[in-house]
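Worksheet: one structure, shown below.
Residue numbers (UniProt numbering), protein chains in the order written: chain S, 1 to 431; chain C, 1 to 431.
This is the structure in C-alpha cells:
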C-alpha cells in the first residue's frame, strides 16, 4: 500500500473581521481541525487565502465571515514533475517551485533528476556518475537532495525521485562507459551486463537514504532497443537466452522493479511498460500515463494503480494547451466502477525541461498547473463543468495574482500560448 | 552637489584556499578595506563571487589566491529603472530586483511609480490619488515604499522616485478629476489650475518623507499639449498670459522643479525638457537622456549634469538589442573635456512595463543589464573594446548562471531576442 496521503480538513471561522474592531484587533477566531499534519498545513493555506489586506484600513481581514469549511482532497496524489536534466535547476529555484506548489495544494514533487543529457546527482557508491553533469557546478550533492526533501516535507510535499531506465540514461556512461553497450550504442543501457544492475542497485541504495517517500519512479518510457541487436556482445547474450530485444526490455524493467521493491519502494513506471507487458509488471506497480487518454481505464481494469498525465492536457511544455483543457481533464474518465476508481491515485502535471530553465520555469508552470490542482483537490461536484469563463476564470486570475504577490513569476492567464508576456499594460486580474 | 556616491574599495585576499587545508579549514584570510559602507558592501559582493563551491571536496574555495583587488566604480550613478504603472510589481518582486541589482553593483533603483495607466502609491495628503490604481490590491502603502527604500539601502542601493509631469499623468485624475483640463482632455495635467500644483506639492511633500535620496525625477517627457488649446478655460489662461502651449510646458516643468528644490531635492528631467528649453532649467538639473545618442555632450557643454539611457541600447524593453550593443554603449561618447566628463553622473537601463510584469520582468532585465553594469562600474581601460566573444561572453554566461544559482530568472545570454526561452537542452554556461 502507498503511504497514507489523504488528509481531512475542517476549517471553522467565526466572525473574523478586522474592520469592525479597530486597527489591530482580532474579532472572533479561527479553528483548524485536521486528522494529519498535512491537513493542518492545507487548512492554514486555505486560511491565508481567505485573508485580504485592506489598503484603506490597513487591516488584514477575512471577508464574508463567518466561514465554515469542511474540505479534503479528492485525490491522494497531486503531482508536479520537474526535469532537472535538460536544464539544471538550482536548489533555490526548486525551493521556489515547492513554495508555489504548496499554494495550490499540490503534494508530490516528481523529481525527474537524470536523463540522457545530464546526470546532476551525487551517488556516493558510484562517484563518477555525476561527471555526466553539464558542468562541475550544475550538480546536486546528497546534502542538497536531502535539503530539498526536507524543505518540501515542511510544506506538505513528498518528493518522488526518478531514475529513468533503460532508455533516457545516456548520461550515465560519461562516468562509467561500460554502461553503454558500445561507443556507437549509448542507449539503452547495456542489458547484458551485470555491472548495469550493480550500478542501479548502488544508485537506488544511495537514493533510498535520501528519499523516504514510498513511491519511486523507474521510468521505462521511449526505449528504442534497435542498437542492442547491432552490438555483438549484447546480441550474443540475447541469442543465448533466446530473447528478443522486447523481451530484454521487459527483463530490464522487471529487474529494476525487483531492486526497488527490495528497498521497500513501490515502483512507478511510465505507461509503455504497461502497454508492452502489463501482465508481467509487479502487482504493486503504479502505471504513469502520459501518451494519451484511455490508459488508466485499462490499467485499473487489470488491478494496477494509475497516475494520469495525458500529455495532451497535462504536459506543461505543450504551450498550446489552453487552461480550459487543463482544467477539464478528468483522471477518472472512462472508469465507472468505484473499486477501480480507487486505483487511480491522482494525476500529475509534467514540466519537461527542454525549453524551460531558471528563466522561465515558473511562468511555464503557472497558472495552468493551478487549473489541474483544482481538478485534483476539489470534489467532483464542486468543479465547474461548463461555462468556465464565468466560474473558473476569475478564480484563476485571482490565484495567478496571488502567486505574483508572493513573488512567483506566474504568467498571464489569458494569453493564447502559455508563458507569453502580457500584450500591453493592465491589471493582473484581467490578463 | 549630489550626495556623495563614489566609493573606494580595497580588497586584499591572501592565500585563501580550502582545498589545501582540509574539509572545514580556512587557510589564510581576507581583508576588505573601504572608505564607505557602500564600498564594503561591494567588496563583500566581489568576495562572494570569488568563492566557488567545490562539489568534489565540498569546500568553498577561492581559487588562484592570493588576490589583491583595488577597485572603485567608474560612475557614481549606475541605475535601473522599474515601471510599476503599466504593470503593478508586488513588493516581493521589487525586492528580488533589488537583490539582483546588488549582485551586479548597480546602485540606483529609479522607481517610475506612476504613469498614465495607474497610480499605485498612497499619498496621505491626497488620499484619493491611489483610486487610480488598477485594483484595490495593486497598490503600495507608505509603509511598503518605506520598506523598499530600507531594503534597498541595506544592499547599497538608493531609490530615486519619479512623478512624471505634466504628461504621463492621466491616472491622477481618477481620484481628482479636476486635475484633468476636461473630460476630453485628460493629459497633460491642467497647467492653468492652482490645484494642480497644490497636488504636486502635496505629493512631493509626502514623498520627501519616504525617499531620502538626493535626486528626484520629475519626468517631463512626451508632453503633447494639443488639447490644452482646445480646452476653453486653459486656452483663456494661456491667452491672458500671452503664452503658447510650449511656454506653458516650460512653465509647468520649472514650477515643478521649484517645488522639488524647495524640498531639498535635485531635480532630474527627461531630455525633452532640455531639448525644448534647456537654458531655462534650474542649473542643478540632471538631464536624463533617452531618445538617442549625442544628448549628453550638449547637456554637459551647457554645464548641466547628465544620465545616459539611450533607448537604442539601454532600454530593456527593446528586446532586439543584443547584449553586445548594451555592452559597447559609452556614456562619455563625444565628451572629451575632462571637466565636462565629470558632469555625466552615469547611466541607467530602463525596464518599461508595457509587456513586463511579475512573470517576465527578471528575464527581461537579465542578463543584458549586467553588460551595462560592467560598463558603468569598471574603469574604461578594463572594459573589453573588441572581440567581445572571447573576452566578455564567458563572463556574461558565468554571471547569468550566478544569477540563476541565486534564484534570479535571468534569461539565456545567446538568444537573439532578449528573454527568449532556451532553444533546447544544455548547460547554463553556453546558452
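Even for Gly, the Cβ is constructed at its ideal location relative to N, Cα and C.
In this text, all values refer to a predicted model and were calculated from it rather than measured experimentally.
Mapping the DSSP letters down to three states, classify residue i as helix, strand or coil.
i, result
"residue 429 of chain S", "helix"
"residue 68 of chain C", "strand"
"residue 405 of chain C", "helix"
"residue 412 of chain C", "coil"
"residue 308 of chain C", "strand"
"residue 232 of chain S", "helix"
"residue 78 of chain C", "strand"
"residue 348 of chain C", "strand"
"residue 31 of chain C", "strand"
"residue 319 of chain C", "coil"
"residue 174 of chain C", "helix"
"residue 290 of chain S", "coil"
"residue 62 of chain S", "strand"
"residue 83 of chain S", "strand"
"residue 149 of chain C", "helix"
"residue 20 of chain C", "At residue 20 of chain C the pLDDT is 44, less than 50, meaning the model places this residue with poor confidence; the figure from the coordinates comes in the next sentence. It is helical."
With 8 Å set as the bound, which would you pick, yes or no: does the beta-carbon of residue i sit closer than that to a beta-carbon of chain C?
i, result
"residue 22 of chain S", "Because residue 22 of chain S sits at a pLDDT of 47, beneath the cut-off of 50, its placement in the model cannot be relied upon, and the point is left open."
"residue 96 of chain S", "yes"
"residue 174 of chain S", "no"
"residue 288 of chain S", "no"
"residue 124 of chain S", "no"
"residue 421 of chain S", "yes"
"residue 354 of chain S", "yes"
"residue 137 of chain S", "yes"
With burial defined as no fewer than 16 other Cβ atoms inside 10 Å of the residue's Cβ, what is the status of residue i: buried or exposed?
i, result
"residue 139 of chain S", "buried"
"residue 220 of chain C", "buried"
"residue 154 of chain C", "exposed"
"residue 83 of chain C", "buried"
"residue 336 of chain C", "exposed"
"residue 233 of chain C", "exposed"
"residue 80 of chain S", "buried"
"residue 92 of chain S", "exposed"
"residue 66 of chain S", "exposed"
"residue 394 of chain S", "exposed"
"residue 38 of chain S", "buried"
"residue 184 of chain S", "exposed"
"residue 107 of chain S", "buried"
"residue 21 of chain S", "For residue 21 of chain S, the predicted structure reports a pLDDT of 44, less than 50, and the residue's modelled location is therefore unreliable. The matter cannot be settled from this model."
"residue 195 of chain S", "exposed"
Please state if the CB of residue j and the CB of residue i are separated by a distance shorter than 8 Å.
i, j, result
"residue 217 of chain C", "residue 160 of chain C", "yes"
"residue 170 of chain S", "residue 187 of chain S", "yes"
"residue 326 of chain S", "residue 371 of chain S", "yes"
"residue 317 of chain C", "residue 355 of chain C", "yes"
"residue 413 of chain S", "residue 323 of chain S", "yes"
"residue 120 of chain C", "residue 405 of chain S", "no"
"residue 45 of chain C", "residue 105 of chain C", "yes"
"residue 151 of chain C", "residue 210 of chain C", "no"
"residue 72 of chain C", "residue 112 of chain C", "no"
"residue 359 of chain S", "residue 409 of chain C", "yes"
"residue 252 of chain S", "residue 166 of chain S", "yes"
"residue 96 of chain S", "residue 402 of chain S", "no"
Step through the CB atoms of chain S and report whether any lies within less than 8 Å of the CB of residue i.
i, result
"residue 363 of chain C", "yes"
"residue 412 of chain C", "yes"
"residue 131 of chain C", "no"
"residue 86 of chain C", "yes"
"residue 182 of chain C", "no"
"residue 49 of chain C", "no"
"residue 38 of chain C", "no"
"residue 232 of chain C", "no"
"residue 428 of chain C", "yes"
"residue 384 of chain C", "no"
"residue 187 of chain C", "no"
Using the beta-carbon of each residue, which ones in chain B are nearer than 8 Å to residue i?
i, result
"residue 404 of chain S", "Of the protein chains in this structure, namely S and C, none is chain B."
_Sufficient close CB pairs (3 or more, under 8 Å) joining the stretch 339-347 of chain C to the stretch 293-311 of chain C_ = yes
_Three-pair Cβ contact test at 8 Å for the stretch 164-181 of chain C versus the stretch 55-66 of chain C_ = The stretch 164-181 of chain C makes no contact with the stretch 55-66 of chain C: fewer than 3 CB pairs, one atom from each, lie closer than 8 Å.
*asked:* Within 8 Å, do at least three Cβ pairs link the stretch 196-214 of chain S to the stretch 125-134 of chain S?
replied: yes
*Is the stretch 69-80 of chain C close to the stretch 376-390 of chain S, with three or more CB pairs under 8 Å?*
Too few Cβ pairs lie closer than 8 Å, so no.
*Kindly confirm or deny that the stretch 238-251 of chain C and the stretch 294-304 of chain C touch, where touching means at least three C-beta pairs closer than 8 Å.*
no
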